[in-house]
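Working notes, structure below.
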Amino acid sequence: EATDWTTATHSKDADPNFSEVFEDNEVKRLDLVISSDRWSAMLADMASLYGTFGSSGSGGPGGGGGNSFSDVNPIFVPAEVHYEGKEWYRVGVRFKGNSSLSSTWSSGNLKLSFKLDFDEFEDDYPQIKNQRFYGFKKLSLKNNYNDKSFLREKVAADIFKNAGLASSHTAFYTVYVDHGDGPIYFGLYTLVEEVDDTVIDTQFANNEGNLYKPDGDAASFASGTFDESEIVKETNEDAADWSDIERLFTALHASNRTSDAAAWRANLETVLDTDTFLKYLAVNTVIQNWDTYGRMTHNYFLYNNPDNNLLTWIPWDNNEALQTGNMGGSLPLNFSGLSSTQWPLIGYMYADATYKAKYDTYMEEVINGVFNASDIQTTYTSYATLIEQYATAEVRGYTFLNNSSEFQSAVNTLKSHVTQRSSAVEAYLN
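Residue numbers (the working numbering): 258 to 687.
Below, the structure is given as structure tokens:
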């Protein structure tokens with residue numbers, strides 16, 4: 258019986274309440290209540306996907322191992338979500354992530370990321386039909402994996418948003434899970450707005466276009482890699498139509514790219530929002546976000562915006578941003594060493610003098626604007642002051658910190674990083 262249900266808090270008829278759910282200057286609390294049987298089922302499912310919990314053998318916070326991936330998502334179970342004295346009923350809750358999920362699980366750390374879907378079980382429980390959380394159907398709770406500052410997911414999303422790019426809203430939340438023996442502090446998380454829910458609903462005038470989440474070789478856009486199964490549709494799934502993506506492949510690899518660059522650009526600009534991509538590329542490269550296009554074949558969306566019929570780039574999953582990076586490191590500002598045939602969206606566009614000039618202009622805007630060293634350092638200080646008590650209160654088995662001093666050390670590293678990036682961009686532009 259949905260006794261706490263109101264139009265503003267639970268109904269699909271309410272507009273998303275961003276000021277309530279994504280408050281920048283407050284750490285809010287979410288409680289997940291999951292029956293012991295359902296919790297056991299979630300853990301058993303994880304073991305079937307990723308092996309025995311703690312199997313990497315380290316057992317310590319932030320332990321290694323777990324490089325395996327599963328093509329299957331963990332199971333959803335019905336759970337209750339409590340927030341500010343109100344209850345949301347039979348919410349679909351599952352673990353989420355790829356390498357971060359695998360590594361956290363295998364290291365014996367239960368601070369796992371969660372995905373929430375508020376009407377996932379409406380067929381089983383008609384009382385919750387179209388249940389929403391202040392207008393939101395889906396939300397992600399990111400565990401700040403491999404980030405002892407807890408700030409990278411939040412600040413990177415802020416930077417993309419402040420640059421005028423479509424980007425998820427984010428906020429800090431403490432998460433408690435009661436799976437039968439009372440609430441357990443799972444730690445400080447970053448709540449992230451889902452792209453296929455409210456991002457396209459609120460940041461585009463029309464939400465009826467094709468939204469894609471590429472993952473796999475085809476996500477590189479290298480010649481000959483097109484594969485419908487790897488250009489995953491998140492909207493309009495029933496329409497077997499990838500013609501917009503196919504047009505992008507064709508335009509990108511047209512034979513006139515070097516012989517008639519103006520014609521090549523004109524054709525490319527009939528299918529891809531090139532200005533948005535170049536601005537994104539400048540931001541992403543300046544802040545050093547390596548776990549995405551250019552290094553990895555995932556962690557972005559493409560939305561065919563019905564307003565202009567152009568595919569628009571949307572960044573996603575920024576917890577590895579704002580650092581030099583792993584897996585070969587972040588891309589150089591001039592993309593030296595990049596294989597243009599392997600990553601043609603970057604390689605071919607940067608090789609074009611017109612597009613390179615736009616990229617350079619955006620890069621200068623980034624370093625003087627949304628990633629200005631002084632302003633970003635102030636942001637780091639403000640956010641660190643806000644969250645420190647919650648971050649350092651995490652306990653063994655539910656944390657990536659070995660000790661509380663690692664938090665401030667990681668924040669200081671971020672402050673040094675932005676200064677270094679400012680110098681690097683000035684050197685590149687000169």
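Idealized CB from N, CA, C, for every residue including glycine.
Note that the structure is a prediction, hence the values are computed from the model and not measured.
Pick helix, strand or coil for N561, following the three-state DSSP scheme.
If DSSP states are grouped into helix, strand and coil, N561 belongs with the strands.
For G314, three-class secondary structure by DSSP
In this predicted model, G314 has a pLDDT of only 46, less than 50, meaning its place in the structure is not dependable; the value taken from the coordinates is given anyway. G314 falls in the coil class under three-state DSSP.
To test your reading of the DSSP string, which unbroken beta strand (DSSP E) runs of 3 or more residues are found completely within the segment 449-520?
With a minimum length of 3 residues, the unbroken runs of beta strand (DSSP E) contained wholly in the segment 449-520 fall at 468-471 and 488-490.
Would you decide whether N576 is buried or exposed? Buried here means 16 or more other CB atoms lie within 10 Å of its CB.
Classification of N576: buried, given that the 10 Å Cβ count is 16 or more.
Let me make sure I understand the geometry here. Which of E645, D548, T656 and L686 has the alpha-carbon closest to that of S666?
When each option's Cα is compared against that of S666, the closest is E645.
Would you mind reading off the limits of the alpha helix (DSSP H) that contains K536?
Taken as a continuous stretch (DSSP letters only), the alpha helix (DSSP H) holding K536 covers T531 to I544.
Nonlocal neighbours in the same chain, by C-beta distance under 7 Å from T266, ignoring five residues either side:
Non-local C-beta neighbours of T266 in its own chain, meaning closer than 7 Å and more than five positions away in sequence, comprise K343 and Y391, ordered along the chain.
Whole angstroms is fine: what's the gap from H426's alpha carbon to L358's?
Using only the alpha carbons, I get a separation of about 22 Å.
Straight-line CA distance for G365 to I385?
Rounded to the nearest angstrom, the gap between the Cα atoms of G365 and I385 is 35 Å.
Three or more C-beta pairs under 8 Å: does that hold for the segment 296-315 against the segment 406-419?
With a cut-off of 8 Å, the segment 406-419 and the segment 296-315 do not count as touching, because too few Cβ pairs lie within range.
E451 classed as buried or exposed, judged by whether at least 16 other C-beta atoms fall within 10 angstroms:
E451 comes out buried.
Am I right that T447 and N401 are in contact with their C-beta atoms under 8 Å? What's the rounded C-beta distance?
Indeed, because the Cβ distance is near 6 Å, the residues count as touching under 8 Å.
Between the CA atoms of T670 and I633 - distance to the nearest angstrom:
Their Cα atoms are separated by approximately 13 Å.
Which of helix, strand or coil DSSP assigns to D374
Residue state, collapsed to three classes: strand.
Hey, quick one: how far does the alpha helix (DSSP H) through A304 stretch, first residue to last?
First-last of the alpha helix (DSSP H) with A304: S293 to Y307.
Does the segment 604-619 come close enough to the segment 523-539 to have 3 or more Cβ pairs within less than 8 Å?
The segment 604-619, when compared against the segment 523-539, does touch it at the 8 Å Cβ threshold.
Name the residue from T549, E341, W600 and A462 whose alpha carbon lies nearest to the alpha carbon of N479.
For the sequence presented, residue 479 should be read as Ala rather than Asn. The shortest C-alpha separation from A479 is found at W600.
I'd like the list of long-range same chain contacts for K395, defined as Cβ closer than 6 Å, with 5 residues on each side in sequence excluded.
Here the set comprises D374, E451 and D454.
Whole-Å CB distance - Y430 paired with R552, under 8 Å assumed
So it is not a contact: roughly 29 Å between Cβ atoms.
How is Y433 classed by DSSP in three states: helix, strand or coil?
Strand at Y433.
Over what stretch of residues does the alpha helix (DSSP H) that includes S397 continue unbroken?
The continuous stretches of alpha helix (DSSP H) do not include S397, which lies in the beta strand (DSSP E) extending over residues K395 to K399.
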